[in-house]
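Enquirer: One structure, pasted below without further comment.
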Amino acid sequence: MLQEHEQLIKEDILPRLKKVEDAQMEFTKQVESIKSSQTSLELTVMKDGKETRELLRPFADHYLNKVTAEGQAAKDIKLKRLDTREKVVIAIVSTIFGTGGLTGIIVGVMAFMNGGQ
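Just so it is clear: in the sequence shown, position 48 is 135 by our numbering, and no numbers are missing.
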C-alpha cells in the first residue's frame with residue numbers, strides 16, 4: 088500500500104504539481120510584462136498630455152485675453168453712455184432750475200458737446 092501511494096505521488100501528483108508551478112511562473116511573467124507595458128503607456132500619455140497643453144496654452148491665453156478685452160470695452164462703453172446721460176441731465180436741470188436761463192442753456196449745450204472728449 089505504501090508503494091502504491093509512492094507510485095501514485097511520482098506518476099500522478101508530481102507531474103500535476105509541476106504543471107501548476109509552470110503555469111504559475113508563466114502567469115507571473117505575463118503580469119510583469121503587463122506592469123511594464125502599463126508604465127510605458129502611462130509615461131507616453133503623460134508626455135502627450137504635456138505636449139497638448141503646451142500647444143493649446145497660446146490659444147487659451149489669446150481667447151482669455153480677447154474675452155477680457157471685450158468685457159472691458161463693454162464696460163467702457165457703458166460708462167461713456169452714463170457719462171453722456173449725466174451731462175444731458177445736468178444741462179436740463181440747470182436750464183430748468185438755474186438762474187439766468189440763457190446762460191444755463193449755453194452751459195448745458197457746451198457740456199453736452201464736450202461730452203465726447
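The beta-carbon is built from N, C-alpha and C at its ideal position, and this holds for glycine as well.
On a predicted model such as this, the values are computed, not experimentally measured, just so you know.
Can you grab the Cα-Cα spacing for the pair residue 138 / residue 144, in whole Å?
Expert: If you take the alpha carbons of residue 138 and residue 144, they lie about 10 Å apart.
Enquirer: Distance, Cα to Cα, residue 198 vs residue 153?
Expert: Going by the C-alpha atoms only, they are around 34 Å apart.
Enquirer: Buried or exposed for residue 158, going by 16 or more other Cβ atoms inside 10 Å?
Expert: Classification of residue 158: exposed, given that the 10 Å Cβ count is below 16.
Enquirer: For residue 136, count neighbouring Cβ atoms within 10 angstroms of its own Cβ and tell me buried if that reaches 16, exposed if not.
Expert: By the 10 Å Cβ count, residue 136 comes out exposed.
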